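Step one of this worksheet: look at the structure below.
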Amino acid sequence: MKVCIFHVNENPIASSANGPDFWGLLNPEWNLCSKGHRQSPVDVDPTKLLYDPFLRVIHVDKHRVNGIIQNTGHGVVFRVDTGQHSPVVNISGGPLSYSYRVQEIHLHFGRTDGQGSEHRVGSHAFPAEVSFKLLK
Numbered sequence: 001m002k003v004c005i006f007h008v009n010e011n012p013i014a015s016s017a018n019g020p021d022f023w024g025l026l027n028p029e030w031n032l033c034s035k036g037h038r039q040s041p042v043d044v045d046p047t048k049l050l051y052d053p054f055l056r057v058i059h060v061d062k063h064r065v066n067g068i069i070q071n072t073g074h075g076v077v078f079r080v081d082t083g084q085h086s087p088v089v090n091i092s093g094g095p096l097s098y099s100y101r102v103q104e105i106h107l108h109f110g111r112t113d114g115q116g117s118e119h120r121v122g123s124h125a126f127p128a129e130v131s132f133k134l135l136k
C-alpha cells in the first residue's frame, strides 16, 4: 500500500518543481500523491498537540539485522534484509494498535542546518530527519 501524508499548513517547498506537488508526476509508483490534497511535508503546530497520559511506551525489538545502505542523492536509506532466515525488527506500543515490521530507515538531510528535515515543527526546519517504512 502506498500512502501520502496529509498536512494542515501550506508550504512553499511543496510547489517547487521537485517538491511534493509534483511527486506523482515524477515516478509512476507515486501516482497516489497526485490524487490527494495537502500532501507531505507536514508542519506540526505545537499549540494543537494534546497530551495523552495513557500513551504506552514504544517498544522496538533489539535484533541485529543486515541490510543495504544507499545514497539516494537527497538522503540515505537503509533497507533491511528480508530474506527467509533474516531476523525481524518490530515496532509496537505508543499510539500503534498493531506491531509493525521495519522495512527501511530513511535519513533526510540538507546542505545547510535549516534545510534537512522534510517536516517542520512550528514552521521550524531541522538539520536532519529520520523516517521509517513499516509493514503490518
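Numbering-wise, the sequence shown is residues 1 to 136 according to the UniProt record's numbering. Note that the Cβ used here is the ideal one computed from N, Cα and C, for glycine as well. Note that the structure is a prediction, hence the values are computed from the model and not measured.
The straight-line gap separating the alpha-carbon atoms of residue 85 and residue 72 is approximately 27 Å. Look at the beta carbons and you see the stretch 81-99 touching the stretch 59-72: at least three pairs across the two are nearer than 8 Å.
Excluding sequence positions up to five before and after residue 46, its CB lies within less than 8 Å of the CB of 121, 122, all in the same chain and listed in chain order.
In terms of Cβ geometry, residue 104 and residue 136 do not form a close pair [threshold 8 Å]. Note that the stretch 40-58 touches the stretch 85-103; at least 3 beta-carbon pairs, one per stretch, sit closer than 8 Å. In the DSSP assignment, residue 92 falls within the unbroken beta strand (DSSP E) covering 90-93.
Each residue's CA atom was taken as its position, placing residue 111 and residue 97 some 37 Å apart. The alpha carbon of residue 40 has as its nearest neighbour, out of 114, 52, 24, 113, the alpha carbon of 24. If you draw a 10 Å sphere on the C-beta of residue 130, you find fewer than 16 other C-beta atoms in it, and that means exposed.
Between residue 75 and residue 102, the alpha-carbon positions lie close to 18 Å from each other.
In this structure residue 119 touches residue 42 by the C-beta definition: roughly 5 Å separates them, less than 8 Å.
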